[in-house]
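Numbering (my numbering), first residue to last: 1 to 236.
Take a look at the structure set out below.
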């Protein structure tokens with residue numbers, strides 16, 4: 001018996017996945033993939049910048065799903081193959097489960113909502129938080145909102161609604177739903193909306209090439225599209 005082949009055949013696919021896709025991938029896509037006979041998967045769900053840090057430290061995924069713009073350098077370094085667009089999500093607003101729904105239908109209404117809030121929770125280093133901080137500057141309300149903001153280093157910003165740290169949370173829509181008790185108000189007005197695009201890519205040297213290719217294809221299957229849509233992600 002070829003021992004090396006045996007070990008390879010039992011090795012799971014290493015899948016690095018952006019945190020914004022976690023709900024769709026973990027709850028729906030991966031179970032469907034395994035049910036269809038797919039190779040076992042060891043998934044790592046973290047913000048894309050943290051996945052990049054893992055790769056810089058020497059980790060090598062067989063498949064990766066991350067922010068599209070962040071994958072180009074990995075392709076150039078021959079770590080990943082050419083990415084394929086998968087889904088996108090916009091920035092949204094959530095409030096506590098028993099809170100009234102603020103009007104955010106226009107830019108003016110959104111400004112009124114965040115400036116009248118006791119505290120607004122947003123991410124320190126995630127794409128939604130970086131965008132929101134810049135948006136506050138452009139709208140001329142940065143000093144007012146940031147002075148009493150709740151900055152989240154990691155995890156869903158909507159968690160701050162449940163423990164009373166904030167009464168409005170800003171995050172990507174697909175991440176707001178990670179706190180099911182929070183009440184999603186809706187997306188930012190289109191005039192100030194920011195979309196984050198996510199793509200998938202194969203590792204350049206996957207440990208299980210056939211299984212990795214099957215997973216990558218499944219991330220673009222009708223089942224996957226339905227899962228993205230159900231979790232506040234848009235597909236082409």
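Note that beta-carbon positions come from the ideal geometry of N, C-alpha and C, so glycine has one too.
In this text the structure is predicted, and so the values were computed from the model without any measurement.
Quick check on DSSP: helix, strand or coil for residue i?
{"i": "residue 179", "result": "coil"}
{"i": "residue 172", "result": "strand"}
{"i": "residue 201", "result": "strand"}
{"i": "residue 39", "result": "coil"}
{"i": "residue 142", "result": "helix"}
{"i": "residue 115", "result": "helix"}
{"i": "residue 66", "result": "strand"}
{"i": "residue 158", "result": "coil"}
{"i": "residue 18", "result": "strand"}
{"i": "residue 221", "result": "coil"}
{"i": "residue 55", "result": "helix"}
{"i": "residue 165", "result": "coil"}
{"i": "residue 208", "result": "coil"}
{"i": "residue 1", "result": "Because residue 1 sits at a pLDDT of 30, beneath the cut-off of 50, its placement in the model cannot be relied upon, and the point is left open."}
Which same chain residues, not among the five before or five after residue i, have their C-beta less than 6 Å away from its C-beta?
{"i": "residue 176", "result": "92, 94, 158 and 184"}
{"i": "residue 225", "result": "235"}
{"i": "residue 171", "result": "128 and 157"}
{"i": "residue 44", "result": "16"}
{"i": "residue 126", "result": "47"}
In angstroms with no decimal places, state the Cα-to-Cα distance between residue i and residue j.
{"i": "residue 28", "j": "residue 115", "result": "37 Å"}
{"i": "residue 214", "j": "residue 46", "result": "22 Å"}
{"i": "residue 4", "j": "residue 131", "result": "In this predicted model, residue 4 has a pLDDT of only 46, less than 50, meaning its place in the structure is not dependable; the value taken from the coordinates is given anyway. Approximately 48 Å, taken between the alpha carbons."}
{"i": "residue 174", "j": "residue 160", "result": "17 Å"}
{"i": "residue 52", "j": "residue 41", "result": "19 Å"}
{"i": "residue 258", "j": "residue 163", "result": "Limits of the chain in this structure are 1 at one end and 236 at the other, which puts residue 258 out of reach."}
{"i": "residue 14", "j": "residue 229", "result": "25 Å"}
{"i": "residue 106", "j": "residue 193", "result": "11 Å"}
{"i": "residue 82", "j": "residue 102", "result": "42 Å"}
{"i": "residue 243", "j": "residue 89", "result": "In the structure as shown, the chain begins at 1 and stops at 236. Residue 243 is therefore absent and cannot be evaluated."}
{"i": "residue 121", "j": "residue 139", "result": "17 Å"}
{"i": "residue 216", "j": "residue 179", "result": "27 Å"}
{"i": "residue 189", "j": "residue 233", "result": "17 Å"}
{"i": "residue 65", "j": "residue 207", "result": "17 Å"}
{"i": "residue 36", "j": "residue 73", "result": "33 Å"}
{"i": "residue 97", "j": "residue 79", "result": "43 Å"}
{"i": "residue 222", "j": "residue 33", "result": "12 Å"}
{"i": "residue 67", "j": "residue 165", "result": "29 Å"}
Given residue i, which residues of its chain have a CB within under 7 Å of its CB, disregarding the five upstream and five downstream residues?
{"i": "residue 117", "result": "167 and 168"}
{"i": "residue 61", "result": "14, 15, 16 and 203"}
{"i": "residue 23", "result": "174, 177, 178 and 231"}
{"i": "residue 135", "result": "192"}
{"i": "residue 30", "result": "41 and 43"}
Would you list the one or two residues that DSSP bridges to residue i?
{"i": "residue 150", "result": "121"}
{"i": "residue 95", "result": "183"}
{"i": "residue 80", "result": "203"}
{"i": "residue 13", "result": "41"}
{"i": "residue 195", "result": "90"}
{"i": "residue 85", "result": "199"}
{"i": "residue 234", "result": "88"}
{"i": "residue 46", "result": "18"}
In its own chain, which residues sit with a C-beta less than 8 Å from the C-beta of residue i, not counting the 5 before and 5 after it?
{"i": "residue 154", "result": "47"}
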